[in-house]
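Notes follow once the structure below has been shown.
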Amino acid sequence: MGVEYRHYFVPADPTIIPAQDILVKIDSVLKKWGLKESEPAIFDLTNGQNSEIEGELDNLEFNHGIALEYDSIEGSAVSKVAGPSYHKNIQDADRYIQGIGFIAGIDYRIHPSGETTYITVVSPPKDNGVELEAHCDCDEVLFMHDNAYTCQPNTTPPEVDVEFYEGKKVEGPFHGFWRCALRIDFGKDLPKFCEGQGLMENKEFVNDLEQAFGCKLVQIGEIG
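If you count by this note's numbering, then the sequence shown holds residues 1 to 224, one letter each, in order.
As structure tokens, this is what we get:
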């Protein structure tokens, strides 16, 4: 079956509520870097309903949760963004990104565990001291998170324990939960940067994403 790789960008401050225009800004960054060839599928994630909806991004409010799902990309845009492949003798024309997902909302979502990252919810989010129950156990649209909770802007964030295995390190504060995140799924086209700290070498692309998010981002990858 082969090894596959997913790369996430999440806010260094996971409690941040992004501006409502973040959907348009993320879409613009992906288009600028050749990572968008068609309009994304849009999903309303409120209360785990995960229903596909129609709408224009510039008129869409994310509320509790909106997901954008972008189609696969092939060709030189992959190398331009991600740098060289881990595999030798791979031509730019043969590179690909399997898919890109983005989620934004006021709900707290628990980052998924993987082979080198294990995440445990110590205490769920609270409203007025009352623990919330998860409205879903697993994101069945983009597979970007585990538990998700219907929250308000002032909901107390969860307490999460994060463990890394096999010498994995992450540069920056990674708390194991977020309200918004971007995932780039490289499939079996492993980028060379996934070794070591796993930081994307194209700093201009990362800076564009941070401008779109409106905050500092932490990068975390998972080989599976």
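Here a beta-carbon is modelled for each residue, glycine too, at the ideal position from N, C-alpha and C. None of these values were measured; they are calculated from a predicted model.
Here the C-alpha atom of Thr-156 lies approximately 13 Å from the C-alpha atom of Arg-179.
In its chain, beyond the 5 residues on either side, Pro-11, Ala-12, Asp-13 and Ile-16 have a beta carbon closer than 7 Å to the beta carbon of Cys-215. Ile-17 carries a coil assignment under DSSP once its states are collapsed to helix, strand and coil. Taking each of Asp-27, His-145, Gly-65 and Ile-90 in turn and checking the Cα distance to Leu-57, the smallest one comes out for Asp-27. Under DSSP, His-7 forms a beta bridge with Ile-184 and Gly-221. With 16 or more neighbouring CB atoms inside 10 Å of its own CB, Gln-219 falls in the buried class.
Of all C-beta pairs linking the region 202-215 to the region 84-99, fewer than three are shorter than 8 Å, placing the two stretches out of contact. Here Val-121 is not near Ile-103, since their CB atoms are 9 Å or more apart. Within 10 angstroms of the beta-carbon of Ile-73 lie 16 or more other beta-carbons, which makes it buried. With fewer than 16 other Cβ atoms inside 10 Å of its own Cβ, Gly-224 counts as exposed. Taking 9 Å as the cut-off, the Cβ atoms of Glu-166 and Glu-115 count as close. For Lys-168, the three-state secondary structure derived from DSSP is coil. At a Cβ-Cβ threshold of 9 Å, Leu-23 and Tyr-70 do not count as neighbours. In the DSSP assignment, Asp-127 forms a beta bridge with Val-130. In the structure shown, Gly-105 falls within a strand segment according to DSSP collapsed to helix, strand and coil. Per the C-alpha coordinates, the member of Gly-105, Tyr-149, Cys-194 and Gly-187 positioned closest to Val-3 is Gly-187. Between Pro-112 and Asp-92, the C-beta gap is not smaller than 9 Å, which leaves the two residues out of contact. Judged by DSSP in its simplified three-state form, Gly-48 adopts helix. If you draw a straight line from the Cα of Leu-45 to the Cα of His-64, it is about 7 Å long. Here DSSP, grouped into helix, strand and coil, assigns Cys-215 to coil. Counting only runs that start and end inside the region 30-75, there is no alpha helix (DSSP H) element of at least 4 residues.
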